[in-house]
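2 protein chains.
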Amino acid sequence: MKTIMIIDDDIYIGQLLEEALSREGFRPVRAYSGTEALLLLAAQRPDLILLDLMLPGLSGEELLPKLNGIPVIVLSAKADVGGKVNLLRSGADDYVTKPFDIDELLARIEVQLRIAAGSGSSAVLSFRGVEMDTSSRSVTAECAPVKLTKTEYAILKQLLLSPTRVITKSHILDMISEDTPDCMESSLKVHISNLRRKLRDAGGKDYIESVWGIGFKMREE
Amino acid sequence: MKTIMIIDDDIYIGQLLEEALSREGFRPVRAYSGTEALLLLAAQRPDLILLDLMLPGLSGEELLPKLNGIPVIVLSAKADVGGKVNLLRSGADDYVTKPFDIDELLARIEVQLRIAAGSGSSAVLSFRGVEMDTSSRSVTAECAPVKLTKTEYAILKQLLLSPTRVITKSHILDMISEDTPDCMESSLKVHISNLRRKLRDAGGKDYIESVWGIGFKMREE
DNA sequence: AAAAATCTTTATCAATCCTTAACTTATGCC
DNA sequence: GGCATAAGTTAAGGATTGATAAAGATTTTT
Chain L
19 MKTIMIIDDD
29 IYIGQLLEEA
39 LSREGFRPVR
49 AYSGTEALLL
59 LAAQRPDLIL
69 LDLMLPGLSG
79 EELLPKLNGI
89 PVIVLSAKAD
99 VGGKVNLLRS
109 GADDYVTKPF
119 DIDELLARIE
129 VQLRIAAGSG
139 SSAVLSFRGV
149 EMDTSSRSVT
159 AECAPVKLTK
169 TEYAILKQLL
179 LSPTRVITKS
189 HILDMISEDT
199 PDCMESSLKV
209 HISNLRRKLR
219 DAGGKDYIES
229 VWGIGFKMRE
239 E
Chain S
19 MKTIMIIDDD
29 IYIGQLLEEA
39 LSREGFRPVR
49 AYSGTEALLL
59 LAAQRPDLIL
69 LDLMLPGLSG
79 EELLPKLNGI
89 PVIVLSAKAD
99 VGGKVNLLRS
109 GADDYVTKPF
119 DIDELLARIE
129 VQLRIAAGSG
139 SSAVLSFRGV
149 EMDTSSRSVT
159 AECAPVKLTK
169 TEYAILKQLL
179 LSPTRVITKS
189 HILDMISEDT
199 PDCMESSLKV
209 HISNLRRKLR
219 DAGGKDYIES
229 VWGIGFKMRE
239 E
């Protein structure tokens, strides 16, 4: 049974998460402040951490560098976009803005746990003929090499991390905002278009599917 | 089964490493101080050592010269670059800054063990015509000798240590910041350029590939 | 102390990438 | 069907990054 630590001072959200996680078969552990989290971490090591940024005592940003090696999903209010740039750099593995959809959060938890489980052995993401080697940073479609830019690579990685799920446009923008802070929905369309074309040129098929009004997902067929 | 000694006084990081190494099939042995490490080393000889620089008792820098023959990977906080000691010259085989990526560390451990296993006397890194003898500190491209400066040698070594992997610019900067703390991205470009030219003059080909916006890797072709 | 080697900075050119903008096509709704 | 909104495509520009050369600064050697 996987243990998930919830670091959030909000009683209501914390309880909500606790119940949802229990229902899914996880063992939730709660910490209401950064300092309390550190104390708990000295004694036990959870499999994943849900971290709120606004914390009493030790802030989430200060806590992040100390959580080395444990997958961290940051929960943050949509407003504070300022520090988003540094989050992924300083150790966060994923990012979800409040108010969040519980099902989406659960899916992202599954993804992070899957990545952590297979760590070391295979750094390869693949789905229906598209393969991504995250260590050599190379991508192939039907074994044909595909040369991607940094942004295209980041987008495809998000899609491949949970290939059966729809990735919202806003989440893609959040994930790649580290490298391209000015990227708006208008330019995202262009990136998707270029990515589609490169994959099609190499693999012959169209690999990315649009979900009207929401975002994108990998084509299952 | 390979034994790996962790010399680090940080309880939390130590435990993290211990679990990760066990999961990968290694036998971890822990030492919490430099003096304790020496006592343990008198009784047993690990296949590899992970060494933190900030140690109580005997510092990592003092310990390094006494670990003769055993592969050493230094773990160091990015902050304490103050010491002007030349780590790689005094016996360290690789260098990783905290906070580090566990997968990357595991990859580097594999590399060091492979080197150590493949040869008692000749520690040779090679990839596609480029050969580096780390004991005599000599490099050849297509059997033609190449004369490199200290920095160029350190950069090429990083590339050869995991030749299929992309080495980020920041990691290279970390590696050589011991000798040249002021090295910025601007001068790294120059080092890469000089290294490329020397290799090309000797081997005829271009061996180093740029990964736009990320870093460099060895050309696979 | 002078000379040589090495490293960093600066400048310039070339290559790549991201965004904007204009336009076309598709989808949902009345 | 017709309108409004969303998605898709293409081309052009501006901005960022990369490569190389040359010169100044630092360290090492002689």
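Just so you know, the sequences run in chain order L and S.
Quick note: the first sequence uses the working numbering, first residue 19, plus one each step.
Quick note: the second sequence uses the working numbering, first residue 19, plus one each step.
The beta carbon of each residue, even a glycine, is placed where N, CA and C say it ideally should be.
Closest residue to MET72(L) among ALA38(L), ASP192(L), LYS116(L) (Cα-Cα distance): If you number the first sequence from 1, residue 72(L) lands on position 54. Nearest to MET72(L) by C-alpha distance, out of ALA38(L), ASP192(L), LYS116(L), is LYS116(L).
Per-residue burial, TYR225(S) [other beta carbons within 10 Å of its own, 16 or more giving buried]: Your numbering for residue 225(S) matches position 207 in the second sequence. Buried is the call here.
Outcome for LYS102(S) when other beta-carbon atoms lying within 10 angstroms are tallied against a minimum of 16: Here residue 102(S) refers to the residue found at position 84 when the second sequence is read from its first residue. Only weak support is given to the placement of LYS102(S): the predicted model assigns it a pLDDT of 31, under 50, and the question is left unresolved by the model.
Taking only three categories from DSSP, how would you classify MET193(L)? Locating residue 193(L) in the first sequence gives position 175, counting from the first residue. MET193(L): helix per DSSP, three-state reduction.
When burial is assigned at 16 or more other CB atoms within 10 Å of the CB, is SER156(L) buried or exposed? Along the first sequence, read from residue 1 onward, the residue named residue 156(L) stands at position 138. Per the 10 Å Cβ criterion, buried.
Report the three-state DSSP secondary structure of ARG155(S) (helix, strand or coil). Counted from its first residue, the second sequence places residue 155(S) at position 137. It is coil, neither helix nor strand.
Span separating the alpha-carbon of TYR171(S) from that of GLY32(L): For this step, residue 171(S) is matched to residue 153 along the second sequence. For this step, residue 32(L) is matched to residue 14 along the first sequence. Spanning the two alpha carbons is a distance of roughly 52 Å.
For the segment 147 to 178 of chain L, list every residue whose C-beta sits within 8 Å of some C-beta in chain S, in sequence order. Under the 8 Å Cβ criterion, the segment 147 to 178 of chain L contributes SER153, SER154, ARG155, THR167, LYS168.
Proximal residues to GLY75(S) (C-beta, below 6 Å), its chain only, five neighbours per side dropped: On the second sequence, residue 75(S) is found 57 positions in, with the first residue counted as 1. Counting only Cβ-Cβ distances below 6 Å, and skipping sequence neighbours, we find SER51, GLY52, THR53.
CA nearest to the CA of LEU58(S), picked from SER40(S), ILE22(S), THR169(S): Along the second sequence, one-based indexing puts residue 58(S) at 40. It is ILE22(S).
Looking at C-alpha atoms only, which residue of SER204(S), VAL229(S), THR158(S) is the closest neighbour of LEU217(S)? Numbered from 1 along the second sequence, position 199 holds the residue referred to as residue 217(S). If we check each option's Cα against that of LEU217(S), THR158(S) comes out closest.
Run through DSSP, which three-state label would ARG146(S) get? Numbered from its first residue, the second sequence carries residue 146(S) at position 128. Reduced to three states, the DSSP call for ARG146(S) is coil.
Leaving out the 5 sequence neighbours to the left and right, which residues in its chain are closer than 8 Å to ILE232(L) when beta-carbon positions are compared? Here residue 232(L) refers to the residue found at position 214 of the first sequence. Cβ within range, chain order: VAL184, THR186, LYS187.
Under the assumption that GLN130(S) contacts ILE173(S) (Cβ atoms under 8 Å), give the Cβ distance between them as a whole number of angstroms. Looking up residue 130(S) in the second sequence gives position 112. Looking up residue 173(S) in the second sequence gives position 155. Between ILE173(S) and GLN130(S) the Cβ distance is about 18 Å, and since that is not below 8 Å, they are no contact.
By the criterion of Cβ-Cβ separation under 9 Å, what are the contact partners of LEU59(L) in chain S? For the purposes of this step, residue 59(L) is identified with residue 41 of the first sequence, where counting begins at 1. In chain order, TYR30 make up the part of chain S whose C-beta sits under 9 Å from the C-beta of LEU59(L).
With respect to 6 Å, is the separation between the Cβ of SER51(L) and the closest non-hydrogen atom of the ligand PLP below this value? The model on display carries no ligand, and the ligand PLP is accordingly not part of it.
Can you find a CB in chain L that lies within less than 7 Å of the CB of GLY231(S)? Indexing the second sequence from 1 puts residue 231(S) at position 213. For GLY231(S), a Cβ of chain L is located within less than 7 Å of the residue's own Cβ.
Does the beta carbon of ARG183(S) come closer than 7 Å to any beta carbon on chain L? Indexing the second sequence from 1 puts residue 183(S) at position 165. Cβ-Cβ to chain L under 7 Å: yes for ARG183(S).
Integer Cβ distance of LEU66(S) from ILE25(S), believed to fall under 8 Å: On the second sequence, position 48 is the one that residue 66(S) refers to. On the second sequence, position 7 is the one that residue 25(S) refers to. The pair is not a contact, with the Cβ atoms about 11 Å apart (cut-off 8 Å).
Quick one: is PRO46(L) buried, meaning 16 or more other Cβ sit within 10 Å of its Cβ, or exposed? Residue numbering aside, residue 46(L) sits at position 28 when the first sequence is read from its first letter. In summary, PRO46(L) is buried, with 16 or more beta-carbon neighbours lying within 10 Å of its beta-carbon over all protein chains present.
Looking at the secondary structure, which residues open and close the beta strand (DSSP E) in which LYS235(S) lies? In the second sequence, counting from the first residue as 1, residue 235(S) sits at position 217. From DSSP, the beta strand (DSSP E) with LYS235(S) extends over 233 to 236.
Per DSSP, which one or two residues make a beta bridge with PRO163(S)? Locating residue 163(S) in the second sequence gives position 145, where the first residue counts as 1. Answer by DSSP bridge pairing, in chain order: THR158(S).
Would you call ILE29(S) buried or exposed, if buried means 16 or more other Cβ atoms sit within 10 Å of its Cβ? Counted from its first residue, the second sequence places residue 29(S) at position 11. Exposed: under 16 other Cβ atoms inside 10 Å.
Quick one: Cα of LEU82(L) to Cα of ASP111(L), how far? Position 64 of the first sequence, counting from 1, holds the residue named residue 82(L). Position 93 of the first sequence, counting from 1, holds the residue named residue 111(L). In a straight line, the C-alpha of LEU82(L) is about 11 Å away from that of ASP111(L).
Decide if LYS165(S) is buried, meaning its Cβ has at least 16 other Cβ atoms within 10 Å, or exposed. Residue numbering aside, residue 165(S) sits at position 147 when the second sequence is read from its first letter. Exposed.
So, helix, strand or coil for PRO46(L), using DSSP? Here residue 46(L) refers to the residue found at position 28 of the first sequence. PRO46(L) sits in a strand when the DSSP states are folded into three classes.
Alpha carbon to alpha carbon, how far is GLU79(S) from LEU213(L)? Give it in angstroms, no decimals. Residue numbering aside, residue 213(L) sits at position 195 when the first sequence is read from its first letter. Residue numbering aside, residue 79(S) sits at position 61 when the second sequence is read from its first letter. Straight through space, the alpha carbons of GLU79(S) and LEU213(L) are spaced by roughly 48 Å.
Judging by CA-CA distance, which residue of LYS207(S), GLY222(S), ALA220(S) is the nearest neighbour of TRP230(S)? Here residue 230(S) refers to the residue found at position 212 of the second sequence. Here the closest residue by C-alpha is LYS207(S).
May I ask you to report which of helix, strand or coil DSSP gives TYR225(S)? Here the question's residue 225(S) lines up with position 207 in the second sequence. Looking at TYR225(S) - three-state DSSP - the assignment turns out to be coil, as it is neither helix nor strand.
Quick check: what's the CA-CA separation for SER3(S) versus GLU42(S)? Outside the shown range of chain S, which is 19 to 239, sits residue 3(S), and nothing can be said about it.
Taking only runs of the alpha helix (DSSP H) that begin and end inside the segment 60 to 99 of chain L, which ones reach a length of at least 4 residues, in chain order? Here the runs fully enclosed are 78 to 81.
Label VAL99(L) either buried or exposed according to how many other C-beta atoms from any shown protein chain fall within 10 Å of its C-beta, with 16 as the threshold for buried. As a position in the first sequence, residue 99(L) is number 81, starting the count at 1. Below a pLDDT of 50, predicted positions are generally treated as unreliable, and VAL99(L), at 49, falls in that range; no measurement from the model is reported.
Under three-state DSSP, which class holds VAL208(L)? Here residue 208(L) is taken as the residue at index 190 of the first sequence, counted from 1. DSSP places VAL208(L) in helix when its eight states are reduced to three.
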